[in-house]
Amino acid sequence: MIRLNNNKQQDLFDPWGHLGPSRRKLLDESWPGFFRNDILPILPVQKLAPAFHQSMGRPSKEIYSVVGLLIYQQMFNKTDEEAVESFCFDLRVHYAFNIQGESDKTKYISLKTLWNFRRLLIEYGLEDLIFNEIAIKLSDIFGVDPSLQRIDSVHIKSNMRKLGRITLFSRTTTKFLTNLKRHQRVLFDKVDSDLRDRYMKKGASSAFALVKPNESSKTLDQVSLDLFTLVQLFKDMASVSNMSSYKTMVRVLDEQCTVTPVAESPDQYKVEIKPAKEISSGSLQNPSDPDAAYSGHKGQGYQAQIQETYTLEVDPTKKDETLNLITHVHLEPANCSDNDAVVPALEATQEKGLLPEKLLADTAYGGDDNVSAAHQMGVELIAPVPGGNTASKLGDFHFHENKFIDTCPQGEHPQFTKKNKNTYSCGFDKHVCEQCSSFEDCPAKRGKKFYYIRYKDKDLRLIDRKSHEQTYEFIDAYRWRAGVEATMSQFDRRTGAKHLRVRGFKAVRFGIILKAAGINLLRAAAVRKARISSAEGPLHPFFGSIMPIFRENDRVTSNLLRIFNIFRKPDEFELSPNQQAA
């Protein structure tokens, strides 16, 4: 049976009055007070109602407090045990999640309950909804201007070990044999005893890890042949071929090996290991985390696309009072290209009403297709032009208004021009080109009659962007992109996002999205505290001049100091001329 508190209902008596004004102020001005007053009531816990009976069964833990605990756990990178201890004993957690009373019913939670609720949130996909609700709420509270935003990606490592190819084969085979023995003992006994002993015998896993370098090739051939043998043995048995561990073996075989039939014996096959350069970056990295992929730049794991707002520093004194809000977070395998992340990010922010007018990104996001797609959505994508294209070689050529080449860098005019569909063709004299000093660096290609240069409208757009990159306007706008690196650092230091305790796409995604929500909450609490301090203002000049005298006098009581603190705002208290003279 589901149990929910109404966090919008006011208490007749203040349940936290026993704390005293000083501790209460600390709580209210930091994240617990902010979470309790502004975030707790908007958590979408009603989405979990279908998982509970409305009237039958034992009452659940109070849902708001448990969902809040899961956010707190990711926000501060707590283990399950540490999160449970905080729920039981931490006053800040009790205050933030409105946990009242001293009984075990309200202030105790078991590890299993924590696991069950996390599983429910993942099954119902509530992490996205929680993040969106918090982002929209913070945007409204702090008046966040979404017109200026920046995007970048960060590499995420799940809790899996980096495996070599031998260990990958052996782990995959061992996992299958273990499951087969557990669920299909009769079929397990039919497997060749030598093959079983290689993987199931005590100490077998460490034996594969200690293979000598000069024996690695022979061992790799053996483990690949064993895996192929098991795949062939059970391929026609539905009860086995439907097992996830069997499908993992098939995947490893397809990705790592080439299987060819022997010409002399069609029933026999030759299994060869593929060269490393032929292995796809999306291949299986570890059987314990089949969703992870490989990035040649950053290694195994996942990557998260992070988009946030930023503000130009008009007034440095107001810097701490401005909220840079993470508006979008998306998890994907590590082999995904940053070039494919722009349009989904803009669509996601548009749904939340946080679509930017300008979006800063690095070169990997700056493809022409992304710039065009962003422009159609009313967004200016500011990013350097990727290299290695035709436009990078045509930057020194001069063009007519009709988009044909006027002169090459050496001042030569084309002898032939033509447009075919979307392609422009310009032909230069062969003899002049072959005698040119820049002939080896020229993009012109030899044809039957001329040396031809061919390009499209896309290349002309990239040429314009290349020239714009040298202007002060671009440099001044693009310099703000570097600030996103501080967010990535905070994402790692505060929440431990780069090295997670979980593995598997769903679990990793859940943690990353809630960690991004946690960063937003921590930033919001800091901004709110800075605004409160700014609103209090400095002491009136009269009291500011005499305060040191009283501080040095031991007989001055705290009550007198409290009186002076009342007059923090100069506009609220003005001394008359007679008082000033006195």
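Residue 143 in numbering that gives the first Met the number 0 sits at position 144 of the sequence shown, with consecutive numbering throughout.
Ideal placement from N, C-alpha and C gives every residue a C-beta, glycine not left out.
Mind listing, in chain order, the continuous beta strand (DSSP E) runs of no fewer than 3 residues lying wholly within the stretch 447 to 478? Here the runs fully enclosed are 450 to 455.
Could you pull out every residue in the same chain whose Cβ sits closer than 7 Å to the Cβ of V230, ignoring the five residues on either side in sequence? For V230, where only same-chain residues beyond five positions count, the Cβ hits under 7 Å are M248, V249 and L252.
Within this structure, are the beta carbons of F130 and L499 separated by less than 9 Å? In this structure, L499 does not lie closer than 9 Å to F130 by Cβ.
Report the rounded CA-to-CA distance for D188 versus T172, giving the unit in angstroms. Cα to Cα, D188 sits roughly 15 Å from T172.
From Y477 to Q489, what distance separates their C-alpha atoms? Looking at the two C-alpha atoms, the distance is approximately 21 Å.
If you draw a straight line from the alpha carbon of A82 to that of L311, how long is it in whole angstroms? Rounded to whole angstroms, the gap between the alpha carbons of A82 and L311 is 38 Å.
Give me the DSSP bridge partner(s) of H329. Partner(s): Q304.
List the endpoints of the continuous alpha helix (DSSP H) containing L113. Judged by DSSP secondary structure, L113 falls within the alpha helix (DSSP H) whose first and last residues are L110 to E122.
Among Q53, Q73, R522 and H17, which residue has its Cα nearest to the Cα of I325? Nearest of Q53, Q73, R522 and H17 to I325, Cα basis: R522.
Start and end residues, alpha helix (DSSP H) containing T105: That run of the alpha helix (DSSP H) goes D103 to K106.
Hey, S287 and N334 are a contact pair by Cβ (cut 8 Å); roughly how many whole angstroms apart? For S287 against N334, the beta-carbon gap comes to about 18 Å, at or over 8 Å, which does not count as contact.
CB contact below 9 Å: T171 versus chain B: Considering every chain present, this structure includes no chain B. It has just one protein chain.
State buried or exposed for F207, treating a residue as buried only when at least 16 other CB atoms are found within 10 Å of its CB. Burial check for F207: the Cβ neighbour count within 10 Å reaches 16 or more, so the residue is buried.
D584 to L3, Cα distance in whole Å? In the structure as shown, the chain starts at 0 and stops at 581, and residue 584 therefore has no counterpart that could be examined.
With a CB to CB cut of under 6 Å and the five nearest residues on each side skipped, what residues in its chain are close to V258? These residues qualify, in order along the chain: Y268 and V270.
For F141, which three-state DSSP category applies? The answer is helix: DSSP assigns F141 an H, G or I state.
As a quick exercise: from Q304, L353, G426 and L194, pick the residue whose alpha carbon is nearest that of E331. Among Q304, L353, G426 and L194, the Cα nearest to that of E331 is on Q304.
By alpha-carbon positions, which one of H399, F396 and A48 ends up nearest to M0? Considering only alpha carbons, the answer is A48.
So what's L353 in DSSP terms, helix, strand or just coil? Coil, per DSSP.
Three-state secondary structure (DSSP) of R445: Secondary structure of R445 (DSSP, three-state): strand.
Beta strand (DSSP E) containing L147: first to last residue? Counted as a single uninterrupted DSSP element, the beta strand (DSSP E) harbouring L147 occupies residues L147 to I155.
Do you know offhand how far L226's Cα is from K276's? Note on geometry: alpha-carbon atoms of L226 and K276 lie some 22 Å from one another.
Report the residue from I41, I62 and A292 whose alpha carbon sits nearest the alpha carbon of R502. Ranking the options by Cα distance to R502, first place goes to A292.
Determine the DSSP secondary structure at S424, reduced to helix, strand or coil. Residue state, collapsed to three classes: strand.
Between the alpha carbons of E214 and M159, how many angstroms are there, rounded? Each residue's alpha carbon lies about 26 Å from the other.
For D188, name the three-state secondary structure that DSSP assigns. It is helical.
So, at 7 Å on beta carbons, what are the nonlocal neighbours of E411 in its own chain, with the 5 sequence-adjacent residues on each side left out? Closer than 7 Å at Cβ, skipping near neighbours: F427 and V431.
Between the Cα of Q99 and those of R35, K217, R170 and Y423, spot the shortest distance and give me the residue it belongs to. Of R35, K217, R170 and Y423, the smallest CA-CA separation from Q99 is found for R35.
If you pair each beta-carbon of the stretch 137 to 147 with each one of the stretch 352 to 365, do three or more pairs fall below 8 Å? A contact between stretches requires three or more CB pairs, one per stretch, nearer than 8 Å, and the stretch 137 to 147 meets this requirement with the stretch 352 to 365.
What does DSSP give as the partner residues of K269 in its beta bridges? Its beta-bridge partners are T259.
Could you tell me which residues DSSP puts in a beta bridge with Y63? Per DSSP, Y63 has no beta bridge partner at all.
Among residues of its own chain, excluding the 5 on either side of H182, which ones have a beta-carbon nearer than 7 Å to its beta-carbon? Hits under 7 Å: none found.
Bridge partners for Q299 per DSSP, in chain order? Under DSSP, the beta-bridge partners assigned to Q299 are Y293.
Through-space distance from Q299 to V65, alpha-carbon basis: Approximately 33 Å between the Cα atoms of the pair.
Quick check: what's the CA-CA separation for G124 versus S244? Approximately 26 Å, taken between the alpha carbons.
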